[in-house]
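Worksheet: one structure, shown below.
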Amino acid sequence: MAKRRAVVTIGTLGLERTSSVPLYRQLYDALRDAILSGRLRPGSRLPSTRGLADDLGASRNTVLTAFGQLLAEGYLEGRVGAGTSVAGTLPETLLRARPEVEGTKRPGRRPRLSRRGAQLLGMRGGVAGAAIVAKPFRPGLPGLDAFPFDLWTRLVARRWRRVPRHLLDYGDPAGYAPLREAIAAYLGEARAVRCEASQVIVVTGAQQAVDLAARVLLDPGDTAWVEDPGYQGARGALIAAGIRLAPVAVDAEGLDVRRGARAAPGARLVYVTPSHQYPLGVTMSLNRRLALLEWASASGAWILEDDYDSEYRYSGRPLAALQGLDTAGRVIYAGTFSKVLFPALRLGYLVVPPELVEAFIAARALADRHSPSVTQAALADFIDGGHFARHVRRTRALYAERQAALVRAAQRSLGGLLEVAPAEAGMHLMGWLPAGVDDRAAARAALVDGVDVPPLSAYRVRPTGQRDRGGLLLGYAAYTPRDIDDACGRLAAALRRLRRTE
Ligand SMILES: Cc1ncc(COP(=O)(O)O)c(C=O)c1O
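Quick note on our numbering: the sequence shown kicks off at 1081 and runs consecutively.
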């Protein structure tokens, strides 16, 4: 290929002498960008290192270092000091990726995704949104104002100050042993879960728990019952594993086992939230629990119990987990620290029957090896030091007050617009719209007034029917009574405006 002399000027390279980025690095970046953007074409000859150093007012060493790096990475060809040019065979794909390298997306062109990839993209509303900035009444978020961050910082810092070698190597994919023990003891006492520490697998949260269960226990094309309405995050993880969903209606007693057994008798797994159904908030009755266990045991299906916010029960006796009633070893139990501590901690746990432990640990190791060891150690200290139990007690009282504040504020300002009744458990309440009001339209109207109330329809698997009453989810745990009061006023204004325009 005929070599063309490149025009490389100081102006186009834009080096900054006052920058904290070393000059050689700036020169490397500038030349690499020029190559990737096509300003320096394949085969273009570069000036001599001495000439360029003079032009730039830089030392020759600076230029030699930048050229050396670009040669090593394949952007340039030749030999430093004997004439260098832009590589003539830059991979096509690299050049085509250019606009994104520069941060400009090409409009109207989509990458070709797998069928599953496209399906996942369509589900992104479930959990994959950008970082959520909590604003009333976005549900699922804890009251961060109540978390003892000073204490947590001390515990984490202490661990890092005296970090032993074994916490810096690859760790046990099942989790840090003292944390597994602390979780097993807590679950036995607080949730009547029957397990040994060896059955506890520390995961990054309920999301990974569902993903692992789906991939370890089911094959693509297998069917799973999911609650309808139900948690989109779990549905998404099942779909990602190629599982077919069989939506099963939820009534005042929880998941309707008889309906599920009729509609999808061959299902291999049932995803349930028995302690506090998400999002309706009902508790699964003992009869239904026993019926589900019996059906699963007879049909050889697995039950995946998601016990995501069971710490928050304000009246009545604490309910034992479904897992504790299971005598046939069909229940996989999942819990999370996202609700009771904070979601960005990304720690949760699975309790699996002994004969499944090895398979789950293998799958976990292959997914992402393990959760961060030092954070796990700090959490074990937090639990062992009694801080976890104290935090649960404190937030339980706080969230009960916040729920009461929501009910009072709703009575004051939402009468006739949204029916909000107190509940015995959880971190959100359902607000019921008058018959015929479209909850998606209501949620959109609320957003205009700065109130975030996900519509119940968004949680349904089957399309919302004429007879389905519209609802809005009102999370309260993360918000102060003043925020709650203010947001109820704005929600009322939005719902009134909607009524006028309908
Ligand atoms: C039903 C349900 N399960 C689990 C979770 C928590 O998931 P993770 O532990 O992955 O944060 C949530 C959070 O919103 C949820 O609503």
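Beta carbons: idealized from backbone N, C-alpha and C, even for Gly.
Keep in mind it's a predicted model, so treat the numbers as computed, not measured.
Per DSSP, what kind of secondary structure is tyrosine 1479 in: helix, strand or coil? One-based indexing of the sequence shown puts residue 1479 at position 399. Tyrosine 1479 falls in the helix class under three-state DSSP.
Mind listing, in chain order, the continuous beta strand (DSSP E) runs of no fewer than 3 residues lying wholly within the stretch 1292–1336? 1303–1308, 1324–1331
Closer than 7 Å to a non-hydrogen atom of ligand 1 - does that hold for the CB of aspartate 1308? The residue you call residue 1308 lines up with position 228 of the sequence shown. False, no ligand heavy atom lies under 7 Å from that Cβ.
May I have the straight-line CA-CA distance separating glycine 1183 from threonine 1560, to the nearest angstrom? Counting from one through the sequence shown, the residue named residue 1183 turns up at place 103. Counting from one through the sequence shown, the residue named residue 1560 turns up at place 480. With a pLDDT of only 49 at glycine 1183, under 50, the local geometry of the prediction cannot be trusted, and no value is derived from it.
Check serine 1165 in the structure and name its three-state DSSP category. Residue mapping note: residue 1165 aligns to position 85 of the sequence shown, counting from 1. Three-state result, serine 1165: strand.
Per DSSP, which one or two residues make a beta bridge with glycine 1465? Looking up residue 1465 in the sequence shown gives position 385. Answer by DSSP bridge pairing: none, since glycine 1465 is not bridged.
Distance check for serine 1100 and threonine 1114, CA to CA, integer angstroms please. Position 34 of the sequence shown, counted from the start, is the residue given in the question as residue 1114. Position 20 of the sequence shown, counted from the start, is the residue given in the question as residue 1100. Going by the sequence as given, residue 1114 is alanine instead of threonine. C-alpha separation (whole angstroms): 21 Å.
Under 8 Å Cβ to Cβ from arginine 1482, same chain only, skipping five residues before and after it: list those, please. As a working note, residue 1482 is residue 402 in the sequence shown. These residues qualify, in order along the chain: Gly1223, Tyr1556, Ala1557, Tyr1559, Thr1560, Pro1561, Ile1564.
From Leu1553, Pro1122, Leu1494, Ala1525, residue whose alpha carbon lies closest to that of cysteine 1568: If you number the sequence shown from 1, residue 1568 lands on position 488. Of the candidates Leu1553, Pro1122, Leu1494, Ala1525, the one whose C-alpha sits nearest the C-alpha of cysteine 1568 is Leu1494.
For the alpha helix (DSSP H) holding glutamate 1269, just list the boundary residues, first then last. On the sequence shown, position 189 is the one that residue 1269 refers to. Taken as a continuous stretch (DSSP letters only), the alpha helix (DSSP H) holding glutamate 1269 covers 1257–1271.
Reference alanine 1317, options Ala1326, Leu1292, Ala1329, Val1328, closest by Cα: The residue labelled residue 1317 in the question sits at position 237 within the sequence shown. Of Ala1326, Leu1292, Ala1329, Val1328, the residue nearest in Cα terms is Leu1292.
What does the Cβ neighbour count give for leucine 1193, buried or exposed, with the cut at 16 atoms within 10 Å? Taking the sequence shown and counting its residues from 1, one reaches residue 1193 at position 113. It is exposed - the Cβ of leucine 1193 has fewer than 16 other Cβ atoms within 10 Å.
Quick one: measure Cβ to Cβ for alanine 1447 and valine 1296, integer angstroms, because I've assumed they're closer than 8 Å. For this step, residue 1447 is matched to residue 367 along the sequence shown. For this step, residue 1296 is matched to residue 216 along the sequence shown. Alanine 1447 to valine 1296, Cβ: 10 Å. No contact.
Would you kindly work out how many angstroms separate the C-alpha atoms of glutamate 1435 and aspartate 1302, rounded to a whole number? Numbered from its first residue, the sequence shown carries residue 1435 at position 355. Numbered from its first residue, the sequence shown carries residue 1302 at position 222. When rounded, the distance between both Cα atoms is 21 Å.
Assuming arginine 1474 and alanine 1270 form a contact by the criterion Cβ under 8 Å, report the distance between their Cβ atoms to the nearest whole angstrom. Residue numbering aside, residue 1474 sits at position 394 when the sequence shown is read from its first letter. Residue numbering aside, residue 1270 sits at position 190 when the sequence shown is read from its first letter. Wrong, their Cβ atoms sit about 15 Å apart, outside the cutoff.
Only counting the same chain, and skipping five residues up and downstream in sequence, which positions put a Cβ closer than 8 Å to that of arginine 1105? Counted from its first residue, the sequence shown places residue 1105 at position 25. For arginine 1105, where only same-chain residues beyond five positions count, the Cβ hits under 8 Å are Ala1146.
Span separating the alpha-carbon of glycine 1163 from that of arginine 1190: Numbered from its first residue, the sequence shown carries residue 1163 at position 83. Numbered from its first residue, the sequence shown carries residue 1190 at position 110. Their backbone Cα atoms lie some 40 Å apart in a straight line.
Nearest-angstrom Cα distance between glycine 1346 and leucine 1373? Along the sequence shown, one-based indexing puts residue 1346 at 266. Along the sequence shown, one-based indexing puts residue 1373 at 293. Each residue's Cα considered, the two are about 15 Å apart.
Going by C-alpha to C-alpha distance, which of Asp1518, Ala1133, Ser1128, Arg1410 sits closest to threonine 1544? Numbered from its first residue, the sequence shown carries residue 1544 at position 464. Answer by Cα proximity: Asp1518.
Report the rounded CA-to-CA distance for leucine 1571 versus alanine 1503, giving the unit in angstroms. Residue numbering aside, residue 1571 sits at position 491 when the sequence shown is read from its first letter. Residue numbering aside, residue 1503 sits at position 423 when the sequence shown is read from its first letter. Computed Cα separation, rounded: 20 Å.
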